[in-house]
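In this note's numbering, the protein residues as written are 4 to 588. Written out below as structure tokens is the structure these notes cover.
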């Protein structure tokens, strides 16, 4: 409140040999007259000097190191100084940055770098106030080796770069303020292919054509989202398909979603992930959770809007299938987290003493989306849609808390009425564990039919009798997750021989099949399991598979053997989650 970073200007050079970014961050400080210092967040940064705009050195000190938060960097502010220049370099092991060797890329010729700042990892590559409640504009000049291209979550001022000594310089700017976790950088053998007037895809040359075909509906997605939420306020919407080690399905960096190649199924069946990241252009990027306890405000709204975009593009049945799968995952997550009384199942979760990443479970996504669906059903879609649009207009480019949300709902959706009278029971949804009994229960006739096929197979029917027709990815997911845990390897062999599940290239179907295979110790699938665990780093897939292996006597040594081989390929976000799982007893 007294001294706040409002703009970050970066001038950095990427050294792929040393695996460091080095240079200067110039911070603009909004300060009160009484403020005589500013406190920044850092972790594992080497601070080489801090000065004012005239080059005069400023006093600074790094505080005690916290294992989660890093070190506070306190800079003394002489009177009237509102800009400070920090010369620094990152650590080769900075948690936000992953430096890939050429062998870890599709092309195999050039190295690759990408950042992942959420939740509090931006402080490992930029010394700033790394909180979602402190929105900042930014500009950057990034120098990379001449054969590489740099891209960022900002307007690309020099798309082809400018020749400089020992490389090419790329310049960027973002004039709309964002929380610092959305400042994102990637550099590698990256090319661009347009899709629509304001959409396109960045990827390695070997990937870009297939990715553009997969995302052919991108322009339509933006149009459908605007019809629901109001104008898209970021200029362009492009997608960068990263190498497989990326730990998430996608990251909603403004103007440039980062995406995993595991969604490239070849039939556009997994593009709901892109709909999700696009929705973040409103919920998360435009209106942001002010603290990580309020993370559900980002993800609950986004998961709900994702389904609405998918419904508008592909019809109600496709959206219904996705919602049923999400509902099932929510119940599984509640069980995994300790049951309906677990404090980890509270939407406004208590993160004191924890890494905020620990709160990024399925709860804020699926339970949050269920609350939004309940609100829609309670007041009617037309009224709720009008509220949704006005919500984003009212809070545009700001960060809000759960308390602000509650007051907003009562004032603008319930017309001042108590939410208990309306049937919403907001207090229970937001501040108590478990899933309230007024939660909507989604239905899908298509998936009901799939369950019938799963029951028939579990009851002894032969695999060729299973009527799969032209099942979608979601139907295959539901079939596989509906199978009982006591199927024998012989039954799985019948299923595999008929439908060639072990050979599937669709990541979601293969993942669901591998979980079934681990339960039955179906040996023919084990090579595919090892390939899957060593060829991609998406945490959504890795954690359950390693947990499944570690839950069996035979699987523990296999999990540890595979993890020892794969761990160097994973991003720190993934290894932070997996180390306690695979390293334990």
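Beta carbons: idealized from backbone N, C-alpha and C, even for Gly.
Enumerate in chain order the residues of its own chain whose CB-to-CB distance from residue i is below 6 Å, with the five nearest sequence positions on each side excluded.
i           : result
residue 283 : 255 and 305
residue 434 : 351
residue 276 : 252, 253 and 266
residue 184 : 120, 121 and 125
residue 285 : 232 and 395
From residue i to residue j, what does the alpha carbon distance come to, in whole angstroms?
i           : j           : result
residue 354 : residue 361 : 8 Å
residue 273 : residue 242 : 14 Å
residue 588 : residue 571 : Its pLDDT being 48, under 50, residue 588 is placed unreliably in this model, and the value from its coordinates should be taken loosely. Approximately 22 Å between the Cα atoms of the pair.
residue 307 : residue 375 : 7 Å
residue 384 : residue 311 : 11 Å
residue 487 : residue 461 : 7 Å
residue 2   : residue 89  : A query on residue 2 cannot be resolved here, the shown segment of the chain reaching from 4 to 588 and no further.
residue 238 : residue 489 : 53 Å
residue 584 : residue 551 : 10 Å
residue 444 : residue 330 : 8 Å
residue 579 : residue 417 : 42 Å
residue 198 : residue 538 : 28 Å
residue 64  : residue 341 : 42 Å
residue 288 : residue 400 : 8 Å
residue 590 : residue 573 : With the chain running from 4 to 588 in the structure shown, residue 590 is simply not present.
residue 195 : residue 114 : 18 Å
residue 234 : residue 366 : 29 Å
residue 582 : residue 545 : 11 Å
If I measure Cβ to Cβ from residue i and keep anything under 7 Å in the same chain, skipping five residues before and after, which residues do I get?
i           : result
residue 337 : 343, 348, 437 and 438
residue 387 : 378 and 379
residue 542 : 250, 251, 576, 577 and 580
residue 456 : 469, 470 and 482
residue 160 : 174, 175 and 176
CB-CB under 8 Å to residue i, same chain, minus the five flanking residues each way: which ones, in chain order?
i           : result
residue 359 : 122, 123, 295 and 298
residue 497 : 465 and 466
residue 111 : 105
residue 517 : 528, 531, 532, 535 and 548
residue 405 : 296, 297, 299, 300, 350, 351 and 433
residue 559 : 552 and 553
Would residue i and residue j qualify as a contact pair, given that the criterion is a beta-carbon distance under 8 Å?
i           : j           : result
residue 109 : residue 209 : yes
residue 531 : residue 505 : yes
residue 151 : residue 214 : no
residue 170 : residue 149 : yes
residue 24  : residue 127 : no
residue 181 : residue 119 : no
residue 34  : residue 76  : no
residue 292 : residue 281 : no
residue 381 : residue 345 : no
residue 509 : residue 268 : yes
residue 325 : residue 132 : no
residue 78  : residue 43  : yes
residue 168 : residue 157 : no
residue 60  : residue 73  : no
residue 218 : residue 117 : no
residue 82  : residue 30  : no
residue 141 : residue 41  : no
residue 454 : residue 485 : yes
residue 45  : residue 130 : yes
Here's the rule I'm using: 16 or more other beta-carbon atoms within 10 Å means buried, otherwise exposed. How should residue i be labelled?
i           : result
residue 468 : exposed
residue 212 : exposed
residue 557 : exposed
residue 203 : buried
residue 192 : buried
residue 71  : exposed
residue 440 : exposed
residue 414 : exposed
residue 164 : buried
residue 279 : buried
For this session: Quick one: which unbroken beta strand (DSSP E) runs of 3-plus residues sit fully inside the stretch 492–524? Chain order, please.
Result: none
For this session: Within the stretch 243–273, note down every full beta strand (DSSP E) run reaching 3 residues or more, in order along the chain.
Result: 259–262
For this session: Write down every uninterrupted run of the beta strand (DSSP E) in the stretch 85–129 whose length is 3 residues or greater and which is fully enclosed by it, in chain order.
Result: 86–92, 100–103 and 115–118
Problem set entry | Every unbroken beta strand (DSSP E) within the stretch 117–203, with a cutoff of 3 residues, ordered by chain | Counting whole runs of 3 or more residues, the stretch 117–203 contains the beta strand (DSSP E) stretches 139–147, 152–155, 165–167, 170–181, 188–191 and 194–197.
Problem set entry | Sequence ranges, alpha helix (DSSP H) only - wholly within the stretch 402–433, length at least 4 | Within the stretch 402–433, the complete alpha helix (DSSP H) runs of at least 4 residues are 405–415 and 422–425.
For this session: Jot down the residue ranges of each uninterrupted alpha helix (DSSP H) in the stretch 437–494, minimum 4 residues, whole runs only, in chain order.
Result: The stretch 437–494 contains these whole alpha helix (DSSP H) runs: 448–461 and 476–485.
Exercise. Counting only runs that start and end within the stretch 15–82, where is the beta strand (DSSP E) found for 3 or more residues in a row?
Worked result: Taking only runs of at least 3 residues, the beta strand (DSSP E) segments lying wholly in the stretch 15–82 are 23–34, 40–45, 49–54, 63–65 and 74–79.
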